[in-house]
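Heads up: the sequence shown at position 353 corresponds to 352 in numbering that gives the first Met the number 0, and the numbers run straight through without jumps.
These notes concern the structure reproduced below.
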Amino acid sequence: MKSLKLCDTTLRDGEQAAGVSFTRAEKLEIAKLLSECGVEQAEVGIPAMGKREQEDIAAIAELGLPMKLTTWNRSVLGDIDKARSTGVNWSHVSIPVSEIQLQGKLGLTPAEGLNKLLRAAEHGLRLGMTVSVGMEDSSRANMHFLVELVNSLYKEGIRWFRYADTVSAHHPGQMAERVSTLLGAVPADVELEVHCHNDFGLACANTLSGIAAGAVWASTTVAGIGERTGNAAMEEVAMAWRHLYGGESGVRMELLKGLADKVIAASGRSVGDAKPIVGQLAFTHESGIHVDGLMKQKSTYQTFDPAEVRRTHRFVLGKHSGSNGVIHVLEQRGLEVNADTAGRLLERVRVYAEARKDTVPEYLLVQWLMEEQQRAQNAV
Ligand SMILES: [Zn+2]
């Protein structure tokens, strides 16, 4: 299976998440970590947003990272000039491609939209930048128009096109079909990128489906942060591509958790404890049956070893725990317990979990063990 390439947009679309704003220091650190992680290209901001944003972008460019950088721009000549001034050599030039957005947002016909895009892309090329083209709301666009657009821009020298499922209008089957139809109607060296949003929880699935159908680039954000319900999460895309599709991405999986922790902290919001790969609960087990299986043979309840992302299984005690779980947790602390005592402790675990709707903290289990041992001694 082929290797996918990541164009990470944490610093552009990720920052568009409600209430998220990164400081320059945070942006610089995130950019360094993205590069270290093996991301091929990062989209690092929108120069048209103003001087401060342009200076932030320039500061990231000055880091001289091995990762390619690009900026997001509307099809407006002045925006492209601002992009040039940041020192970033790539320029992503975008236009809505669905009639709903072209007409509703810009008041343009498809032909006028294409013309506007062509002029902006040519301007970027004239300024010496490598240009990629963004097709906003691709999923609701007419396919004939998309083919015409890609072929027209190809003639100008553009090779990289972003197919954006801006409003989550595709399921994975539609994504695969549309990507392969588009690629079948344009020159073979066109590189397609898929950019998916998560309004139905399908961002990762749609991204992988598009890649499997022939797209080369996956647009992602760390931990999936982004507008509304977010974007395809980098760690989910990279890990699922490896484990479910047997492909590669060049991502250093062992660095994903550290990167996600940094981005989540800088975003000032939570992505939820159950977020795959990077969430606090991603490798946490309570069920007695699962814990028992995992202790006997890891492969019973895992598709990949958490060590691959520098994490470990964590067993917690709650309503669904079994006495083996109790014994295991105490053994981890160097405490031995017989089956009888473990059974009594389990009773207390269940009562506590049900009353508090929570798991039992380990210190409390240890305290209960002392109490049980004291009681046994008193009885003698
Ligand atoms: Zn987006």
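Heads up, the beta-carbon is just placed ideally off N, CA and C, and yes, glycines get one too.
These figures come from a predicted structure and were not determined experimentally.
- Message: Could you tell me the alpha carbon to alpha carbon distance between Ser256 and Val193, rounded to whole angstroms?
- Response: For the sequence presented, residue 256 should be read as Lys rather than Ser. If you take the alpha carbons of Lys256 and Val193, they lie about 24 Å apart.
- Message: Using the Cβ count rule (16 or more neighbours within 10 Å means buried), how would you classify Gly321?
- Response: buried
- Query: Beta-carbon separation of Met238 and Asn205 under 9 Å?
  - Reply: no
- Message: Please return the same chain residues whose Cβ sits closer than 6 Å to the Cβ of Asp78, not counting the five positions on each side in sequence.
- Response: Ala47 and Asn72
- Please confirm whether any heavy atom of ligand 1 lies closer than 8 Å to the CB of Thr165. yes
- Task: Keeping to the same chain, check which residues put their C-beta closer than 7 Å to that of Met233; ignore five residues upstream and five downstream.
- Result: Leu5, Asp7, Thr219, Thr220 and Val221
- Query: Just to confirm, are Leu3 and Trp240 a CB contact at a threshold of 9 Å?
  - Reply: yes
- Item | Span separating the alpha-carbon of Ala58 from that of Glu307 | 33 Å
- Would the C-beta of Glu28 count as close to ligand 3, meaning under 8 Å from any of its heavy atoms? Annotation note on ligand 3: not contained in the displayed structure, which lists ligand 1 as its ligands.
- Message: Just to confirm, is the Cβ distance from Gln15 to Glu226 under 9 Å?
- Response: yes
- Query: Taking DSSP as the reference, what is the three-state secondary structure of Phe282?
  - Reply: coil
- Measure the C-alpha to C-alpha separation of Leu344 and Arg139 and round it to an integer number of angstroms. 58 Å
- Item | Reference Val277; option with closest CA among Leu258, Val315, Ala110 and Asp339 | Leu258
- Where do the N-terminal and C-terminal ends of the alpha helix (DSSP H) with Gly37 fall, by residue? Taken as a continuous stretch (DSSP letters only), Gly37 belongs to no alpha helix (DSSP H), as it is neither H nor E.
- Proximity of Gly246 and Lys1 at Cβ, strictly below 9 Å: yes
- Query: What's the gap between the Cα of Asn337 and the Cα of Val270?
  - Reply: 40 Å
- Query: With a Cβ-Cβ cutoff of 9 Å, do Val185 and Asp136 count as a contact?
  - Reply: no
- Message: Just to confirm the assignment, what range does the beta strand (DSSP E) spanning Tyr162 have?
- Response: Trp159 to Asp164
- Nearest chain C C-beta to Val270 closer than 9 Å, yes or no? Of the protein chains in this structure there is only one, and it is not chain C.
- Within 10 angstroms of the Cβ of Asp12, are there 16 or more other Cβ atoms? Answer buried if so, exposed if not. buried
- Assuming Gly123 and Val92 form a contact by the criterion Cβ under 8 Å, report the distance between their Cβ atoms to the nearest whole angstrom. 6 Å
- When the Cα atoms are used, what is the spatial distance from Gly411 to Ser167? This structure does not reach residue 411, given that the chain is present from 0 up to 379, and the question cannot be answered.
- Query: Mind checking whether Leu368 and Leu316 have CB atoms under 9 Å apart?
  - Reply: no
- Query: Does the beta carbon of Glu226 fall short of 8 Å from some heavy atom of ligand 1?
  - Reply: yes
- Message: For Arg253 and Arg309, I'd like the C-alpha separation in whole angstroms.
- Response: Note that residue 253 corresponds to Glu in the displayed sequence, not to Arg. About 5 Å.
- Buried/exposed call for Ser266, threshold 16 Cβ in 10 Å: buried
- Val365 to Val350 span [Cα, whole Å]: 16 Å
- In chain order, what residues of the same chain lie with their CB nearer than 6 Å to the CB of Leu145, ignoring the 5 residues before and after it? Leu181
- Ser74, DSSP secondary structure in three states: coil
- Residue environment, Glu42, which counts as buried when at least 16 other CB atoms sit within 10 Å: buried
- Leu201 beta carbon less than 9 Å from that of His169: yes
- Task: Could you name each continuous beta strand (DSSP E) segment of 3 residues or more that falls completely within the segment 128-193, going from the start of the chain to the end?
- Result: 129-135 and 159-164
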